[in-house]
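The opening residue of the sequence shown carries number 1 in UniProt numbering; numbering runs sequentially from there. Backbone N, C-alpha and C fix where the C-beta goes; we use that ideal spot for every residue, glycine too. Note that this is a predicted model, so its numbers are computed, not measured.
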Amino acid sequence: MGKNRTHQPWIAQNVMDYCKSCETCQWMGKSGDMKKTALNEAPSIMQRAFQRVGIEIVGPLRHKTRQGKQYILTRVDFVTQYLEAAALASTEAPVVAEALIKIFFQLGFPPEILTDRGGNFLAEVMECLWKCYGVKHLKTTASHPQTNGLVEWFNGTLKGQNLACFLADDFLCL
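In structure tokens form, the structure reads like this:
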């Protein structure tokens with residue numbers, strides 16, 4: 001099929017029909033009619049540090065910090081891969097917004113921030129924060145965490161660590 005390089009328009013329909021009739025898929029409850037979401041536009045290539053950062057929340061941690069905090073807000077720059085983390089007591093939008101203001105106070109807000117579609121990042125208080133500081137809020141494609149892959153990779157590394165003992169001051173720069 002790949003070697004003769006002929007165009008066979010019927011092959012796509014045959015593959016879809018086969019997948020829909022697959023006995024394993026029927027037993028596992030896979031209908032083959034998955035919901036389709038629109039793709040995000042391809043990201044532009046970043047030219048300078050802190051042009052775009054990704055943020056996400058890790059937690060709850062296995063152990064709380066000395067101040068009783070059990071979540072970590074992570075921020076990663078896509079050019080330098082500079083990581084900063086802040087301990088949070090909860091993942092509610094006002095708590096996240098306050099932590100972001102403290103984090104970005106040092107270097108300023110970036111032009112673009114990439115987050116997942118969690119309710120805490122889509123809340124009205126966050127929309128006001130983005131607007132107030134002139135931030136373009138980019139959201140990951142639904143059900144596709146790879147869009148924010150750099151942050152996901154760092155978070156996977158952090159989850160393997162017992163960070164509660166390192167977050168004594170509620171901030172961690174790596």
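{"query": "Decide if Phe78 is buried, meaning its Cβ has at least 16 other Cβ atoms within 10 Å, or exposed.", "result": "buried"}
{"query": "Taking three-plus beta-carbon pairs below 8 Å as touching, is the segment 130–140 in contact with the segment 93–112?", "result": "yes"}
{"query": "Can you tell me whether DSSP reads Glu92 as helix, strand or coil?", "result": "coil"}
{"query": "Excluding the 5 residues preceding and the 5 following Tyr71 in the sequence, name in chain order all residues of the same chain whose CB lies nearer than 8 Å to its CB.", "result": "Ile57, Val58, Gly59, Pro60, Leu61, Ala87, Leu88, Ala89, Ser90, Thr91"}
{"query": "With a CB to CB cut of under 8 Å and the five nearest residues on each side skipped, what residues in its chain are close to Ala99?", "result": "Leu73, Ala86, Leu88"}
{"query": "Report the partner residues of Leu138 according to the DSSP bridge assignment.", "result": "Leu114"}
{"query": "Would you report the Cα separation of Lys102 and Thr141, rounded to the nearest angstrom?", "result": "27 Å"}
{"query": "Is it true that the CB of Val53 sits closer than 7 Å to the CB of Pro94?", "result": "no"}
{"query": "Out of Ser21, Leu129, Arg117, Gln51, which one is the CA nearest neighbour of Thr80?", "result": "Gln51"}
{"query": "Grab me the residues of Ala97's own chain with a C-beta within less than 8 Å of its C-beta, minus the 5 sequence neighbours each way, in chain order.", "result": "Val125, Met126, Leu129"}
{"query": "Straight-line CA distance for Ala123 to Lys139?", "result": "13 Å"}
{"query": "So who's on the other strand from Ile57, going by DSSP bridges?", "result": "Leu73"}
{"query": "List the residues that DSSP assigns as beta-bridge partners of Arg52.", "result": "Glu112"}
{"query": "So what's Phe154 in DSSP terms, helix, strand or just coil?", "result": "helix"}
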